[in-house]
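Asker:
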Amino acid sequence: MPFESKDQASAIAKLTECIEDIRTWMGKNFLKLNEAKTKLMVFKPNADRDGYSANSFCLNQGDTTIETENVVKLLGVMLEPSLSFAEFINKKIRTCNFHLRNLKPVKKSIPMAVRILLVKSMILSQLDYSNGLLIGSPKYVIVRLQKILNKAVRFIYDVKWKEHITPYLHKLHVLPVKYRIKYKAWIIAYKVTRQMAPSYLVNKMNLHKRHGGPLLRHGSGRDELMFECNLATHKSHNIIDNMILEWNMLPVALRNSNDLKTFETGLKTRYFKEAFKTVTSL
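Using the working numbering, you'd call the opening residue of the sequence shown number 346 and step up by one each time.
1) Within 10 Å of its beta-carbon, does Ala392 have 16 or more other beta-carbons around it, so buried, or fewer, so exposed?
2) Counting pairs of beta carbons, one from the segment 485-496 and one from the segment 449-457, are three or more of them closer than 8 Å?
3) Are Thr631 and Leu378 close, meaning C-beta to C-beta below 8 Å?
4) For Thr383, which residues from the same chain have a beta carbon less than 7 Å from its beta carbon, with the 5 sequence-adjacent residues on both sides left out?
5) Give the secondary structure of Cys574 by DSSP, where H, G and I count as helix, E and B as strand, and everything else as coil.
6) Between the C-alpha atoms of Asp509 and Asn495, what's the straight-line distance to the nearest angstrom?
7) Please state whether DSSP places Gln406 in a helix, a strand or coil.
8) Between the alpha carbons of Gln353 and Lys389, how many angstroms are there, rounded?
9) Got a sec, what are the start and stop residues for the beta strand (DSSP E) Met541 sits in?
10) What are the complete beta strand (DSSP E) segments, minimum 3 residues, inside the segment 424-499?
11) Rounded to whole angstroms, what's the CA-CA distance from Ala497 to Gly611? Just pull it up for me.
12) Run through DSSP, which three-state label would Glu365 get?
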């Protein structure tokens with residue numbers, strides 16, 4: 346629910362009323378609202394932090410006071426007020442390092458095929474979970490996640506630390522982290538263009554509509570599968586803005602794929618060639 350810092354009192358009243366409606370609905374359906382497990386978070390822009398008081402924003406529900414949280418877990422994603430996803434990234438790294446430390450003592454007794462299965466199920470699944478949210482993240486974030494992937498590949502092939510890892514990524518047929526993030530984001534964007542995504546994304550990302558008059562230029566960014574993008578208001582930290590800008594740069598033929606499977610294959614082939622264009626097979 347959006348509100349300005351000066352309207353905290355009215356926002357609290359509306360949220361309290363909303364929770365009461367939820368409590369009434371749950372009571373009619375023989376359910377009970379657990380106030381102790383109810384989380385509250387306020388997302389605020391940097392420019393508005395001086396006008397916002399976290400201590401004054403809380404909800405009183407019976408004998409329970411619901412105060413604002415610094416970190417909230419939603420569907421496995423750790424959210425913070427700044428939406429930097431720092432805690433989410435740290436959780437990924439801690440979990441992957443935990444699995445790699447447990448696997449290291451028994452590495453010599455595990456066949457390589459089993460190592461690959463373990464890395465894909467324990468490490469790649471963690472790195473790929475909700476990684477589309479990291480589109481447009483700073484380079485240092487991508488580097489931290491890439492180091493985890495490199496450690497996993499070294500575990501599989503017993504690669505020494507001084508040896509270059511890229512040929513082994515190519516051998517394993519695994520994309521680097523920055524391409525894995527882009528891959529996930531473009532799958533979502535493709536679904537938006539085909540009305541296969543949730544309505545809140547379809548309504549947020551508007552497809553380009555050519556107005557009357559002759560078409561003066563042809564090529565990338567001049568088809569109806571391109572999203573409307575205003576570079577004057579583009580924000581580098583905005584997930585949707587980054588997704589739109591990068592999607593419009595994809596080749597027209599790729600964006601115009603007939604089905605999702607064809608698009609996935611073409612996109613992975615494109616990124617695989619781009620990531621390993623100077624690598625020779627081992």
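All C-beta atoms, glycine included, are put in the ideal place defined by N, C-alpha and C. Remember, it's a predicted structure, so these values are computed and weren't measured experimentally.
Answerer: This is what the structure holds:
1) Summary for Ala392: the model assigns pLDDT 47, below 50, so the residue's position carries little reliability, and this model does not support an answer.
2) no
3) A query on residue 631 cannot be resolved here, the shown segment of the chain reaching from 346 to 627 and no further.
4) Ile411
5) coil
6) Inspection of the sequence shows that residue 509 is occupied by His rather than by Asp. Going by the C-alpha atoms only, they are around 10 Å apart.
7) strand
8) 12 Å
9) Run containing Met541: none; DSSP gives neither H nor E here.
10) none
11) 26 Å
12) helix
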